[in-house]
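Read through the structure below, which is laid out as structure tokens, and then see the notes.
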Amino acid sequence: MFHRDRIFTVIGFILLVLVISVANQKPLRAEESHIQEPITVNVILQRKYLDGEVSEELTKETIGSMEDFWAMFASWQLVEHNQERIVLKKDIDDISPLLKTNGYFGLAGDGTLSIFNGKPTSNEVIQSFFQIDMEKLESHKHIELIEGIRIQSKDQYLEVLKTLETYSKTEKK
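Below is the structure:
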């Protein structure tokens, strides 16, 4: 009987400690997720596109609750933060607006497959990929690349890269 009472006393004490511990943690968590007075910070939203282009958008956000802020940007990754600014990044599964409006595949002077801002004659290279083996390249594809292949969608971008990769001088492993 004495042994059973002692076990109940110990269990009761442990339960009391757990209840007090849990009760004390709740206000602490609430304070962490709630800011006393709303603050305004600069938020830089970086979008990285399939073609390597990175765009930045600067916004100002008034934050009353960090919980609400993170819910609003749940699909973004935190890059950097301090009291003045928060930098968030998101990978976009699409080509950049620049490519959609003015991007062309073409050949740089050394035979490297490149993307140009405008027709390849502009010489304004946005991105370079790999050198094309001109001996393997079919003549009509060579002409297309000299004139420039317009990029209008992600699917077209990926298909042109896949097709022309077979004419690459470097072998893929």
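Every letter in the sequence shown is one number past the one before it in UniProt numbering, and letter 40, counting from 1, is 40. We put the beta carbon where it would ideally sit given N, CA and C, even for glycine. Source: prediction; values computed, not measured.
Hey, out of the options, whose CA is closest to residue i's CA?
{"i": "T62", "options": "L78, E53, D68, T40", "result": "T40"}
{"i": "K169", "options": "R150, W76, L113, E147", "result": "L113"}
{"i": "P97", "options": "S55, H140, E159, Y167", "result": "S55"}
{"i": "D110", "options": "I146, E159, E138", "result": "I146"}
{"i": "E84", "options": "E144, K136, K60", "result": "K60"}
{"i": "D68", "options": "K119, R47, P38, E144", "result": "P38"}
{"i": "P120", "options": "H142, W70, Y167", "result": "H142"}
Spatial neighbours of residue i within its chain, please: C-beta separation below 6 Å, excluding the five flanking residues on both sides.
{"i": "N117", "result": "N102, E124, I126"}
{"i": "K52", "result": "In the sequence under discussion, the amino acid at residue 52 is Gly, which differs from the Lys named in the question. Counting only Cβ-Cβ distances below 6 Å, and skipping sequence neighbours, we find Q127."}
{"i": "Q36", "result": "none"}
{"i": "Y157", "result": "I95, I151"}
{"i": "V79", "result": "V87, K89"}
Span of the alpha helix (DSSP H) holding residue i?
{"i": "N102", "result": "97–102"}
{"i": "L164", "result": "154–165"}
{"i": "D68", "result": "66–72"}
With a threshold of 7 Å, establish whether the CB of residue i neighbours any heavy atom of the ligand NAP.
{"i": "R47", "result": "In terms of ligand content, the structure shown is empty, and the ligand NAP therefore cannot be addressed."}
Whose C-beta lies closer than 7 Å to the C-beta of residue i among residues of the same chain, with five residues either side of it excluded?
{"i": "A74", "result": "none"}
The beta strand (DSSP E) spanning residue i covers which residue range?
{"i": "E135", "result": "Looking at the DSSP string, E135 is not in any beta strand (DSSP E), and its letter there is neither H nor E."}
{"i": "S114", "result": "112–117"}
{"i": "Q77", "result": "77–81"}
{"i": "I86", "result": "85–91"}
Within its chain, find whatever has a CB closer than 8 Å to the CB of residue i; leave out the 5 residues flanking it on each side and keep chain order.
{"i": "Q77", "result": "L88, K89, K90"}
By the three-class DSSP mapping on this structure, what secondary structure does residue i have?
{"i": "I44", "result": "strand"}
Would residue i and residue j be called neighbours here (beta carbons separated by less than 8 Å)?
{"i": "I132", "j": "L107", "result": "yes"}
{"i": "Y104", "j": "I44", "result": "no"}
{"i": "N82", "j": "L58", "result": "no"}
{"i": "D93", "j": "L161", "result": "no"}
{"i": "L99", "j": "I115", "result": "yes"}
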